[in-house]
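Residue numbers (our numbering): 547 to 1353.
Note that beta-carbon positions come from the ideal geometry of N, C-alpha and C, so glycine has one too.
Some notes on the structure that comes next.
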């Protein structure tokens, strides 16, 4: 098993769209799905190219109202390249006899290979070899190389190379009733004998997209310049040409494209820049050389090596782990640093969730923080630039501070749908997910964790602190004082669970005193006060003046942070929300016998005229998110601040209670539950880790991955190894390590960046070895099992793990 390659040895039309998502190539600026170049969008294939932050809004008349949605736009299809032999049909995998097939995603080089031997209806045997890249060095370039060998025939082959702007957004079936034509034509023309140009514009956001394609032709590696005919429409341009092959000869067609938009920096005009870039670009091999170098450099930073007791399974798991890192780096890369874009929960790999940014950053940023924090800083700035919109949203809703949306797109307004389709019942039902106010806590958490890893006080002072303070102000205004209980409460929200958006038979949506929301609000208020203490005096004064933040408001935050209400039931069970204990128990056995894994229990119940609001059931971790984000020590401090008892048994009791009532309807769920079990049930943790690892490659949700990979879960599986099993905590200016490897894992090696230092970490069952690269900066403060150490540049520390129990 090659742990650097995802390989498919047969063509399977039913799984082609899944493979297209998993074989997507990208560079952080744009991504192109792994569709066959000869394919059009149909029931088998879905070519799609997506620009980071490339959104457009359309309106649809539905159920007597106008619904407006902002979508990640499917851009013109630059891949389009096909051929036909002797004037026969254009090549179609489903109309030929496949003699051999192999598709390989080379993770090390960022290269997609396709090798096919086929026979057509006339018995002519041909061999097709294709390679494809989206350039990691020059973010505007991509290339496709296609070789066709005439194995047992001689004759003429006609080729067609196109730029196709006749595309729509049609990747997600449940969106099919909504308006989906986002592009209008601007220009389509030939630049020279080899080069075509297509310019399109989104019809609402007015984003101009220019693609220039240069097609070069070789026969047995000799350059040819056959006559070309141009086919032109307003939104489509192609050129056709013919080549004569003798038996055994090969034709090689190189297609290099450049993609620019009107929003790119340092350009005159997008069409002109695309023409210039493609004219200057080298051939496929030259482009591949620099592209491979850039991937080599990225892997040096991001790769990790693990060894499992079961070698064969270990190699497969290593490949999937690298696949997850690969897709993270195609969605956000060093190119992201120059963009105004967030990190979408489904990558730039498809149209699911419309390419929007949710709270999945919470699962993605920890991996980036410890590998390339410069990317995290840029992605945090996506939120900072939309702080004004968040302030306006808070004011409109009657709150103070900044209220970030559950779904964010171009300008930071709330993009959550008002209604959504249940594909199981065909019903359009209200979507109350915008009540997940905890996204605000996630943003503050991400800012603070970035600072803890990097010690970037400049960022905190001029960007991060303002967000944290305004989010704290929002939480304070969201609370209501209960004089009888002498506690603050938060009403009318949704927690991370998502199955519960209202009380049974309630007329209004929202739940009261969601434990996760309330405790995260407390954490934000405490964090905001700590941030004020950390800021240089002059900057603190400036911010307080700008925000009109007075001491009495800070004192109010302090009071809330000590008197927030948490609700409990049973034997010290932290209630997911007030009234949770009054809900009915679900007959899980009956539903699983009827529907299998019941991952989307909400859809099943709605289709039966029922609702998960009636039951003790969860889509994913809610209360248990607290044990994912906080150590037992941190949780104890928060509980004590609030005056609630907390002992060690609180954690396992709650894990057992809620794990038994969770359907894992989100790919994030296995990540969180694996994490919270890592110390108490290592076997259970590893089993859930393996489920999370295979979530996308096996499409365990039954059809969601073809619409776009689940980036939060992908990054989360890597972070489970990086932080959870190694026991990394970064707080108080100290790097804490407390490894607890699962029994199945025998060795783990990786590199970390912490406060400017490059660390190499090697862990086996017996030893942990930590080496700090030679660097003349302040030493790292390190704690291992309550003992403090200093690690200077050039130092190596080694710890004996034999006989050490996980804690």
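### Query
Start and end of the beta strand (DSSP E) containing residue 1330?
Taking the chain shown and counting its residues from 1, one reaches residue 1330 at position 784. Here the beta strand (DSSP E) through residue 1330 covers 1326 to 1330.
### Message
Tell me which residues share the same chain as residue 1174 and place their Cβ nearer than 7 Å to its Cβ, disregarding the 5 neighbours each side in the sequence.
### Response
Position 628 of the chain shown, counted from the first residue, corresponds to residue 1174. Excluding positions up to five away in sequence, the list reads 1167, 1218, 1221, 1222.
### Message
Looking only at its chain, what residues have a beta carbon closer than 7 Å to the beta carbon of residue 872, apart from the 5 residues adjacent to it on each side?
### Response
As a working note, residue 872 is residue 326 in the chain shown. The answer, listed in chain order, is 653.
#### Entry: Which residues DSSP lists as bridging residue 788, in chain order
The count along the chain shown starts at 1 and reaches residue 788 at position 242. Partner(s): 704.
### Task
Just mark residue 903 as buried or exposed, buried being the case when its beta carbon has 16 or more other beta carbons within 10 Å.
The sequence position of residue 903 within the chain shown is 357, counting from 1. Buried, since its Cβ has 16 or more Cβ neighbours within 10 Å.
### Minimum C-alpha distance to residue 569 - residue among 1254, 984, 1298
Position 23 of the chain shown, counted from the start, is the residue given in the question as residue 569. With respect to the C-alpha of residue 569, the residue from 1254, 984, 1298 having the closest C-alpha is 1254.
### Task
Using only alpha-carbon positions, find the residue among 1145, 1197, 626 that is nearest to residue 1120.
Counting from one through the chain shown, the residue named residue 1120 turns up at place 574. With distances taken between Cα atoms, residue 1120 lies closest to 1197.
### Query
Considering only the beta carbon of each residue, do residue 717 and residue 594 sit closer than 8 Å?
Start at 1 with the first residue of the chain shown, and residue 717 comes out as number 171. Start at 1 with the first residue of the chain shown, and residue 594 comes out as number 48. Yes, the pair counts as a contact, with Cβ atoms nearer than the cut-off.
### Task
Sort 964, 1231, 770, 876 by Cα distance to residue 613 and report the nearest one.
Locating residue 613 in the chain shown gives position 67, counting from the first residue. Cα-wise, what sits closest to residue 613 is 964.
### Message
Counting only beta-carbon separations shorter than 8 Å, does residue 701 have a partner in chain B?
### Response
No chain B appears in this structure, which consists of one protein chain only.
### Task
Answer yes or no: do residue 619 and residue 602 have a C-beta to C-beta separation smaller than 8 Å?
By 1-based counting over the chain shown, the position of residue 619 is 73. By 1-based counting over the chain shown, the position of residue 602 is 56. Yes.
### Task
Report the option in 574, 1259, 1301 whose CA atom is closest to the CA atom of residue 882.
On the chain shown, residue 882 is found 336 positions in, with the first residue counted as 1. Among 574, 1259, 1301, the Cα nearest to that of residue 882 belongs to 574.
### Task
Assuming residue 709 contacts residue 744 (C-beta within less than 8 Å), just tell me the rounded distance between them.
In the chain shown, residue 709 corresponds to position 163, counting from 1. In the chain shown, residue 744 corresponds to position 198, counting from 1. Right, the Cβ-Cβ distance comes to about 4 Å (below 8 Å), so this counts as a contact.
### Query
Can you give the Cα-Cα distance for residue 946 and residue 583, rounded to whole angstroms?
Along the chain shown, one-based indexing puts residue 946 at 400. Along the chain shown, one-based indexing puts residue 583 at 37. Spanning the two alpha carbons is a distance of roughly 52 Å.
### Task
Could you please give the first and the last residue of the uninterrupted beta strand (DSSP E) stretch that includes residue 1107?
Along the chain shown, read from residue 1 onward, the residue named residue 1107 stands at position 561. Premise fails: residue 1107 lies in the alpha helix (DSSP H), 1097 to 1109, not in any beta strand (DSSP E).
### Query
Whose C-beta lies closer than 7 Å to the C-beta of residue 740 among residues of the same chain, with five residues either side of it excluded?
The sequence position of residue 740 within the chain shown is 194, counting from 1. Excluding sequence neighbours, residue 740 sits near 760, 761, 762.
### Query
Cβ atoms of residue 1265 and residue 909: under 8 Å apart, would you say?
Residue mapping note: residue 909 aligns to position 363 of the chain shown, counting from 1. Residue mapping note: residue 1265 aligns to position 719 of the chain shown, counting from 1. Cβ distance < 8 Å, so residue 909 and residue 1265 count as in contact.
### Task
Per DSSP, which residues does residue 1314 bridge with? Please list them.
The count along the chain shown starts at 1 and reaches residue 1314 at position 768. Note: residue 1314 sits in a beta bridge opposite 1309, 1345.
### Query
Alpha carbon to alpha carbon, how far is residue 954 from residue 694?
Taking the chain shown and counting its residues from 1, one reaches residue 954 at position 408. Taking the chain shown and counting its residues from 1, one reaches residue 694 at position 148. Rounded to whole angstroms, residue 954 to residue 694 spans 45 Å at the Cα level.
### Task
Just the C-alpha distance for residue 888 and residue 571, rounded to the nearest angstrom, thanks.
On the chain shown, residue 888 is found 342 positions in, with the first residue counted as 1. On the chain shown, residue 571 is found 25 positions in, with the first residue counted as 1. Roughly 18 Å between the two C-alpha positions.
### Query
Under the rule that 16 or more other beta-carbon atoms within 10 Å means buried, what is residue 644, buried or exposed?
Against the chain shown, residue 644 aligns to sequence position 98. With a threshold of 16 other beta carbon atoms within 10 Å, residue 644 falls short and is exposed.
#### Entry: Option in 1349, 553, 1325, 737 with minimal Cα separation from residue 1354
A query on residue 1354 cannot be resolved here, the shown segment of the chain reaching from 547 to 1353 and no further.
### Separation of residue 781 from residue 753, as counted between CA atoms
Within the chain shown, the letter at position 207 stands for residue 753. Within the chain shown, the letter at position 235 stands for residue 781. In this structure, the CA atom of residue 753 is about 15 Å from the CA atom of residue 781.
### Query
If you count every other CB in all the chains shown that lies within 10 Å of the CB of residue 563, and 16 or more means buried, which is it?
As a working mapping, residue 563 is identified with position 17 in the chain shown. Residue 563 is buried by the Cβ-count criterion.
### Query
Touch check for the region 1090 to 1105 and the region 1200 to 1220: three-plus C-beta pairs under 8 Å?
In this structure the region 1090 to 1105 does not lie against the region 1200 to 1220, because fewer than three pairs of beta carbons, one per stretch, are closer than 8 Å.
### Query
Who does residue 731 pair with in a DSSP beta bridge?
What you label residue 731 is simply residue 185 of the chain shown in a count that begins at 1. Paired residue(s): 746.
### Query
If residue 936 and residue 958 are in contact, beta carbons under 8 Å, what's the gap, nearest whole angstrom?
Reading the chain shown from its first residue, position 390 is the one you call residue 936. Reading the chain shown from its first residue, position 412 is the one you call residue 958. Separation of the CB atoms of residue 936 and residue 958 is rounded to 6 Å, and the pair is thereby assigned contact status at 8 Å.
### Query
Shortest alpha-carbon distance to residue 1278 belongs to which of 1334, 1085, 1295?
Taking the chain shown and counting its residues from 1, one reaches residue 1278 at position 732. Checking every option, the nearest Cα to that of residue 1278 belongs to 1334.
### Task
Return the CA-CA distance between residue 939 and residue 932, expressed in angstroms with no decimal places.
For the purposes of this step, residue 939 is taken as the residue at position 393 of the chain shown. For the purposes of this step, residue 932 is taken as the residue at position 386 of the chain shown. Straight-line Cα distance between these residues: approximately 11 Å.
### Task
Would you kindly report the start and end of the unbroken alpha helix (DSSP H) that includes residue 841?
Translated into positions along the chain shown, residue 841 becomes position 295. Per DSSP, residue 841 belongs to the alpha helix (DSSP H) from 830 to 848.
### Query
Taking C-beta to C-beta, are residue 1295 and residue 1307 nearer than 8 Å?
Here residue 1295 refers to the residue found at position 749 of the chain shown. Here residue 1307 refers to the residue found at position 761 of the chain shown. The answer is yes: Cβ separation under 8 Å.
### Message
Let's see if you can read the secondary structure: which residues bound the beta strand (DSSP E) around residue 1090?
### Response
Looking up residue 1090 in the chain shown gives position 544. Where residue 1090 is concerned, there is no enclosing beta strand (DSSP E), although the alpha helix (DSSP H) it sits in stretches over 1083 to 1093.
### Query
From residue 1280 to residue 1343, what distance separates their C-alpha atoms?
Counting from one through the chain shown, the residue named residue 1280 turns up at place 734. Counting from one through the chain shown, the residue named residue 1343 turns up at place 797. Across the structure, residue 1280 and residue 1343 are spaced so that their CA atoms are roughly 16 Å apart.
### Message
Quick check on DSSP: helix, strand or coil for residue 922?
### Response
As a first step, residue 922 is located in the chain shown; it is residue number 376 there, counting from the start. Note: residue 922 maps to helix in three-state DSSP.
### Query
Which class does residue 811 belong to by DSSP, given the choice of helix, strand or coil?
Within the chain shown, residue 811 is the residue found at index 265, counting from 1. Here residue 811 sits in coil by DSSP.
### Message
Just to confirm the assignment, what range does the alpha helix (DSSP H) spanning residue 1073 have?
### Response
In the chain shown, counting from the first residue as 1, residue 1073 sits at position 527. Looking at the DSSP string, the run of the alpha helix (DSSP H) that includes residue 1073 is 1061 to 1080.
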